[in-house]
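Structure record follows, encoded as structure tokens.
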Amino acid sequence: MIRSLHTLALAAALAVGAPALAAPPDGGAAATKAAANPPSWYHYAWDIPIIKGEYIPINGGTLGSLGLTYTDDANHTFGVSTFYYDAAGTPQTDATGGVITINDDATLRATGVIASTPISYFKMSNGPCRGCADHPRTQTQTSDVGKFEWTGPRSGRYTLNGQTQDMVEAVSGPPLVAPTDFSGRWLLVIRSDFAPATAAPDVFTHHEFVSFVDLVPVTQARTYTVVTSPGQGLVPVGVDLPPPGARLYDVTCTVPATINTPAPCRLDWFLNGSSTEYTLWFDGNNVGRFLGVKRVADTRTVFDYGFEYPRVYGVANTVIGRKAQPAVWDGVYYTIDEFALFRASPAVSAGGTWQPK
Numbered sequence: 017m018i019r020s021l022h023t024l025a026l027a028a029a030l031a032v033g034a035p036a037l038a039a040p041p042d043g044g045a046a047a048t049k050a051a052a053n054p055p056s057w058y059h060y061a062w063d064i065p066i067i068k069g070e071y072i073p074i075n076g077g078t079l080g081s082l083g084l085t086y087t088d089d090a091n092h093t094f095g096v097s098t099f100y101y102d103a104a105g106t107p108q109t110d111a112t113g114g115v116i117t118i119n120d121d122a123t124l125r126a127t128g129v130i131a132s133t134p135i136s137y138f139k140m141s142n143g144p145c146r147g148c149a150d151h152p153r154t155q156t157q158t159s160d161v162g163k164f165e166w167t168g169p170r171s172g173r174y175t176l177n178g179q180t181q182d183m184v185e186a187v188s189g190p191p192l193v194a195p196t197d198f199s200g201r202w203l204l205v206i207r208s209d210f211a212p213a214t215a216a217p218d219v220f221t222h223h224e225f226v227s228f229v230d231l232v233p234v235t236q237a238r239t240y241t242v243v244t245s246p247g248q249g250l251v252p253v254g255v256d257l258p259p260p261g262a263r264l265y266d267v268t269c270t271v272p273a274t275i276n277t278p279a280p281c282r283l284d285w286f287l288n289g290s291s292t293e294y295t296l297w298f299d300g301n302n303v304g305r306f307l308g309v310k311r312v313a314d315t316r317t318v319f320d321y322g323f324e325y326p327r328v329y330g331v332a333n334t335v336i337g338r339k340a341q342p343a344v345w346d347g348v349y350y351t352i353d354e355f356a357l358f359r360a361s362p363a364v365s366a367g368g369t370w371q372p373k
């Protein structure tokens, strides 16, 4: 049986790099053996969404378009078709196939690639005409070597025979429609689990929280000051601030501020207790960060406490956030911090907030 402990004080300390959780002097050598066999709960609950559909070049490109769809089972079988022009300018369509690999979070952080698939290409011929009697058709694999890598929920890199072009899903990105609008009412679900690497597999601290929040577009330019202030035993990791052209959204709780002031929706859970403003930003790939900001008048300060600010990955109705543990904790602690936002209607959010126990 899993023994769960809901400890708000401990989890809050985790969020700010409290001295009680600093790396031990031996660097965690005593926990090495245990760290090699992580407990069953040590994995993310929500997959980062990647959009199925027709992907086209973002800024020109001659490799053609690529249909990307896959099965939702564990096999992640990929296959549709690619459209392009041959050397004579004649349109061509080849069938495609592959198997998608979903990267673990360490690989994602190191490469920026959410998932990828090698691509095999097939020439189709001798098929039955429309309305004719069915008969076997012929498919012949070509010598082409291809690969697609998702670098965002709706974008990626298409490599064919050594050439690469940036792609975007046609229905959800330029040039056909405007960038994704994340404004509106959302259901926020937070999960945070923690245990020393030497703890028994079924003993860990667990916290979960569910509430409704509003994402409000930021319409005026903002500047941020970064102050380096790592917790004991931690090292600065840097802060990814909004790049030019990023879309910003302030995250506000629908619960009155008198409840659990100053963060009634536990918006400080992954950030720090001194934050007074919470902002999501997304780049053109729908990838970004969730920032906790200390605001005094028009001065906005973001602190580098030695923890990464949660990475966010969004599609129209879902946003997934992940926060990796500090590298100096590897082999010493197991921590999983993540959240999900699911688009909701104000009509169903009258309940405000609740915290399962």
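Using the working numbering, you'd call the opening residue of the sequence shown number 17 and step up by one each time. Where a beta carbon is used, it is the ideal one built from N, C-alpha and C, also for glycine. Just so it is clear, the structure is predicted and the values come from calculations on it, not from any experiment.
Alpha-carbon spacing of residue i relative to residue j, whole angstroms
{"i": "Ser141", "j": "Gln157", "result": "12 angstroms"}
{"i": "Asp121", "j": "Lys339", "result": "10 angstroms"}
{"i": "Tyr240", "j": "Tyr350", "result": "31 angstroms"}
{"i": "Pro15", "j": "Asp299", "result": "This structure gives no information on residue 15, because the portion of the chain shown stretches from 17 to 373."}
{"i": "Thr315", "j": "Tyr174", "result": "42 angstroms"}
{"i": "Asn53", "j": "Thr214", "result": "10 angstroms"}
{"i": "Ile72", "j": "Thr317", "result": "39 angstroms"}
{"i": "Thr268", "j": "Tyr294", "result": "7 angstroms"}
{"i": "Pro144", "j": "Gly172", "result": "35 angstroms"}
{"i": "Val364", "j": "Trp57", "result": "31 angstroms"}
{"i": "Asp266", "j": "Leu307", "result": "10 angstroms"}
{"i": "Lys139", "j": "Thr85", "result": "19 angstroms"}
{"i": "His223", "j": "Val348", "result": "20 angstroms"}
{"i": "Arg305", "j": "Asp256", "result": "7 angstroms"}
{"i": "Thr154", "j": "Gln341", "result": "52 angstroms"}
{"i": "Pro246", "j": "Val271", "result": "31 angstroms"}
{"i": "Asp284", "j": "His92", "result": "36 angstroms"}
{"i": "Lys68", "j": "Pro233", "result": "27 angstroms"}
{"i": "Val312", "j": "Arg238", "result": "13 angstroms"}
{"i": "Ser290", "j": "Gln248", "result": "17 angstroms"}
{"i": "Pro55", "j": "Ala216", "result": "9 angstroms"}
Residue i, buried or exposed, once every other Cβ within 10 Å from all chains shown has been counted against 16
{"i": "Ala90", "result": "exposed"}
{"i": "Lys49", "result": "Any reading at Lys49 is ruled out, since the residue's pLDDT is 43, under 50, leaving its predicted position unreliable."}
{"i": "Gly178", "result": "exposed"}
{"i": "Asp197", "result": "exposed"}
{"i": "Asp218", "result": "exposed"}
{"i": "Cys281", "result": "buried"}
{"i": "Asp102", "result": "exposed"}
{"i": "Ala211", "result": "buried"}
{"i": "Thr150", "result": "The identity of residue 150 in the sequence shown is Asp, whereas the question assumes Thr. That one is exposed."}
{"i": "Asp63", "result": "exposed"}
{"i": "Asp353", "result": "buried"}
{"i": "Ile275", "result": "Its pLDDT being 49, under 50, Ile275 is placed unreliably in this model, and the coordinates cannot settle the point."}
{"i": "Val331", "result": "buried"}
{"i": "Pro326", "result": "buried"}
{"i": "Ser227", "result": "buried"}
{"i": "Pro152", "result": "exposed"}
{"i": "Thr235", "result": "exposed"}
{"i": "Thr87", "result": "exposed"}
{"i": "Gly261", "result": "exposed"}
Simplified DSSP assignment, three categories, for residue i
{"i": "Phe355", "result": "strand"}
{"i": "Trp285", "result": "coil"}
{"i": "Val364", "result": "helix"}
{"i": "Asp110", "result": "strand"}
{"i": "Ala211", "result": "strand"}
{"i": "Asp121", "result": "helix"}
{"i": "Trp166", "result": "strand"}
{"i": "Thr196", "result": "coil"}
{"i": "Val234", "result": "coil"}
{"i": "Ala343", "result": "helix"}
{"i": "Thr133", "result": "strand"}
{"i": "Gln85", "result": "According to the sequence shown, residue 85 is Thr rather than Gln. Three-state result, Thr85: coil."}
{"i": "Thr270", "result": "coil"}
{"i": "Thr292", "result": "coil"}
{"i": "Thr127", "result": "helix"}
{"i": "Phe323", "result": "coil"}
{"i": "Gln248", "result": "coil"}
{"i": "Trp57", "result": "coil"}
Residue i and residue j closer than 7 angstroms at C-beta
{"i": "Phe225", "j": "Asp209", "result": "no"}
{"i": "Arg201", "j": "Pro65", "result": "no"}
{"i": "Val229", "j": "Glu324", "result": "no"}
{"i": "Gly95", "j": "Thr109", "result": "no"}
{"i": "Val83", "j": "Glu70", "result": "It should be pointed out that residue 83 corresponds to Gly in this sequence rather than to Val. Yes, these two residues count as a Cβ contact at 7 angstroms."}
{"i": "Asn310", "j": "Thr334", "result": "The displayed chain sequence assigns Lys, not Asn, to residue 310. Result no, Cβ atoms of Lys310 and Thr334 do not sit closer than 7 angstroms."}
{"i": "Ile130", "j": "Trp166", "result": "yes"}
{"i": "Ile74", "j": "Val187", "result": "no"}
{"i": "Leu203", "j": "Phe358", "result": "yes"}
{"i": "Thr127", "j": "Ile116", "result": "no"}
{"i": "Phe319", "j": "Val243", "result": "yes"}
{"i": "Arg170", "j": "Asn302", "result": "yes"}
{"i": "Gln398", "j": "Gly105", "result": "Look at the range of the chain in this structure, 17 to 373, and you will see that residue 398 is not part of it."}
Beta-carbon separation (whole angstroms), residue i vs residue j, contact threshold 8 angstroms
{"i": "Ile206", "j": "Phe355", "result": "5 angstroms"}
{"i": "Leu250", "j": "Trp297", "result": "Wrong, their Cβ atoms sit about 24 angstroms apart, outside the cutoff."}
{"i": "Val328", "j": "Gly337", "result": "5 angstroms"}
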